[in-house]
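Numbering (the numbering used here), first residue to last: 228 to 568.
For each residue, glycine too, the CB sits at the ideal point set by N, CA and C.
Working notes for the structure below.
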Amino acid sequence: LYGFGRGPQTPGGAHPHLGWIAATTSPTQTSGPNGDFGNLFTYGNTTVYTKLAWQSYLETKYGTIQSLNASWGSNYTTFGSDGGWPKKTTGGTGLLDEDGSSPWMGNGSAGLVGASANVAADLNAFLAQIAQQYFSVAAHACRTAYPNHLVFGPGSLNVETYPQVLQAAGQNLDVVEVWVEPQYVSTLADAYNTAGKPLVVWTSLQAQPDSDTTTGWGAISSNCNLAAGASDYDYATQDLRGECYQQLVDAYWNTQGADGSSPVVGLDWWEFVDKIVGGENTNFGMVDLYDNAYDGVEDQIAKSVDPWGHPVGGQTANYGNFLGYVQQESVSIIERLSGIF
């Protein structure tokens, strides 16, 4: 799902365009990643069916290779292979030999930079097919197994995801999950306007300097001003983290679609406890590694017991109160909902 992330208009950089990846990858693969640990899985079937689907799409649309070449300004000799992949080393002249080195293909590793207009249109249309295939199959499987549940997902989508992907998500899911950097939260409505379904927002904030963790996401912010578009993920203190959380949830509440609706139905918080595995050492949590809440009471040097008799404290420093702000915001949301219903 990496290519279902941020599109080319994102200030932080784009994920690959999956239509372009399919068009330029080898028609066969013998192995690929097996999980997140660098292992390789050997394929019993080496055919890359997405590349063949790309071939089929173009054959159906253009009929002849001459018509495709006239539209694209290309010089392929066949819709199949003629010389082998990759063309830059084999001299292959078939569509299936395309490796991205042809000038009309542009660069799809971060959008479709330099691709000719007709090539870009076809790649975008094929990206829509890829997304439609994924979401329709996944959503059907979920509904078959759990017919009485809403289908959410997936967490890899961004407000700046390629529109073809957001549209396919909206056509197949009941609720679409997206994430957005705090400073770009004003673009949240755009994702709803494109997908046309209610949204859940993936959310995370950190305060690395006011925690036992050390590895943050970007520079440390000493203020939280979402209205000015100047705040990111990581803050100087737990209290500032809490203030920004309140601003962020208020921004979710105030998001309005072009149809006048309030499309954000909730948020997905990452995560319950600070994370130190997988190469990360990050203050994602509502509690730290000692199970002390970031409430300005448990996350302290002094040791004590909580109201249930469990030991708390024992930190290397005294940390601030994030959860107090979370609690205030939750109460505020409940009061606002009570006023509506």
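For the options Y521, K530 and V346, the alpha carbon positioned closest to that of G540 is the one of K530.
Boundaries of the beta strand (DSSP E) harbouring L426: L426 to T430, taken from the DSSP string. Here T274 has P254 and T255 as same chain residues with Cβ atoms under 8 Å from its own Cβ, once five neighbours each way along the sequence are excluded.
Around the Cβ of F499, a 10 Å sphere holds fewer than 16 other Cβ atoms; the residue is exposed. By the C-beta density criterion, S458 is buried, having at least 16 other C-beta atoms within 10 angstroms.
In this structure, D324 lies near K314, with their beta-carbon atoms less than 7 Å apart. Collapsing the DSSP output to three states places A457 in coil. Rounded to whole angstroms, the separation of the alpha carbons of N510 and Y479 is 22 Å. Residue range S258 to P260 is occupied by the beta strand (DSSP E) that includes G259. Under the three-pair Cβ rule at 8 Å, the stretch 266-283 does not count as touching the stretch 387-398. Taken through DSSP and simplified to helix, strand or coil, Q433 comes out as strand. Each of N452, N420, W331 and P260 was checked against the Cα of Q398, and the nearest Cα belongs to N420.
Taking 7 Å as the cut-off, the Cβ atoms of G310 and G319 count as close.
With the rule of 3 Cβ pairs closer than 8 Å, the stretch 535-555 counts as touching the stretch 519-526. Within the stretch 434-505, the complete beta strand (DSSP E) segments of 3 residues or longer fall at 491-496, listed in chain order. The beta carbon of T414 is closer than 6 Å to those of V386 in its chain, skipping five residues each way along the sequence. Shortest Cα-Cα distance from T257 to any of I357, W429 and N272 involves N272. Shown here for G382: same chain residues with a beta carbon closer than 6 Å to its own, the five before and five after excluded, namely E404 and W429 in chain order.
Per DSSP, L550 lies in no beta strand (DSSP E) segment; the continuous alpha helix (DSSP H) that holds it begins and ends at L550 to I567.
About 6 Å separates the beta carbons of L384 and A396, which is inside the 8 Å limit, making them a contact pair. Under the rule that a run must span 4 or more residues, the alpha helix (DSSP H) segments found entirely inside the stretch 308-345 read 314-317. The stretch 276-303 is shown to contain whole alpha helix (DSSP H) runs of 4 or more residues at 276-289 and 292-299, in chain order.
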